[in-house]
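In what follows, a single structure is set out as structure tokens and then discussed.
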């Protein structure tokens, strides 16, 4: 990987919520789904608290050398009976701030998650990515993922 | 739906583990992944205990009129910041015993999960299904799911 900018990956704090929501919204799909207001709708903070107290979920941010939050990722470790009772890991909400893309930040986040999944003895890491995110699919293939499933969703 | 056999959907118990693992293994993908031995490898029971004590996960079975376990499904409710802090639901490990297929049992299980997701204020239900499970994909489309994502996996 060329031009990789090293970042610190750390657990998200309540005062990161605005930066995370801004990244979630800065996207052709996220734009319609999020509400960027000042102050942010309280539901974002309630969700942060639910995530923060869940021992199976890690919401992390990538912080650059200047202390700016430039990426995020949520990793869930899910116990289950299949594959001989191995837990599996689910990666969600991977985002990199638009002015910091193509600098290897997403790769550092996903490699962090893969390492975390291995450390928790998972045998499988899974994620779904919208059909329209062709660049993301190429990115995950480069990191070793196989595009061997359909991701199906029902939105209320 | 024709020929629907009503089943009772209830929380899985430790003494259902063998029946659940048998269904997970009775499948072209599961066959290579599971270990059917008597007694079952203890990892299955450890995994059951982890699932059973996790407040965000419900592992359920479908029981027919004769008290036989003929289906299973795992529903995870995952908090997260995206979609205005709405939790999302993940459906996993849906199986129906091979001698009981095409009797509406899978549909009853998935409708139970959708109802459960709504009750927990989720805005999204998601699942991944292997590319080779074409019948499953048709089944989920019939229940309202959109095939709008790629499911990507990394197996260790």
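Chains as they are written, first to last, in the working numbering: chain A, 26 to 181; chain B, 26 to 181. Even for Gly, the Cβ is constructed at its ideal location relative to N, Cα and C.
- Around the beta carbon of residue 80/A, fewer than 16 other beta carbons sit within 10 angstroms, so the residue counts as exposed.
- The closest CA to that of residue 134/A, considering only 84/A, 71/A, 54/A, 177/A, is found on 84/A.
- Judged by pairs of C-beta atoms under 8 Å, the region 110-126 of chain B touches the region 41-53 of chain B, as three or more such pairs exist.
- Of 70/B, 97/B, 57/B, 102/B, the smallest CA-CA separation from residue 141/B is found for 102/B.
- Counting only the Cα atoms, residue 162/B lies some 16 Å from residue 53/B.
- Between the beta-carbon of residue 108/B and that of residue 56/A there is about 12 Å, and that puts the pair past the 8 Å contact cut.
- Bounds of the alpha helix (DSSP H) holding residue 131/B are 130-144.
- Distance between residue 65/B and residue 71/B, taken at the CA atoms: about 11 Å.
- A Cβ-Cβ separation of about 7 Å places residue 32/A in contact with residue 95/A under the 8 Å criterion.
- Listed as beta-bridge partners of residue 177/A by DSSP are 152/B.
- Chain order gives the chain B residues near residue 173/A as 155, 156, 178, where near means a beta carbon separation below 7 Å.
- Beyond the five residues adjoining it in sequence on each side, residue 30/A comes within less than 6 Å, by CB distance, of 128 in the same chain, given in chain order.
- Below the 8 Å Cβ cutoff, chain B contributes 72, 75, 76, 79, 82 as neighbours of residue 104/A, in chain order.
- Taking the beta carbon of residue 95/A as reference, no residue of chain B falls within 9 Å; the closest one sits roughly 16 Å away.
- Separation of the CB atoms of residue 34/A and residue 179/B is rounded to 18 Å, and the pair is thereby denied contact status at 8 Å.
- Residue 48/B and residue 89/B have their alpha carbons spaced roughly 15 Å apart.
- Of the other Cβ atoms in all chains shown, fewer than 16 fall within 10 Å of the Cβ of residue 144/B; this residue is therefore exposed.
- Pairing residue 39/A with residue 74/A gives a Cβ-Cβ distance under 9 Å.
- Within the same chain, 96, 119, 121, 164 come within 8 Å of residue 131/A by CB-CB distance, once the 5 residues on both sides are set aside.
- Along the region 35-67 of chain B, the positions whose C-beta sits under 8 Å from a C-beta of chain A are 42, 45, 46, 49, 55, 58, 59, 60, 66, read in chain order.
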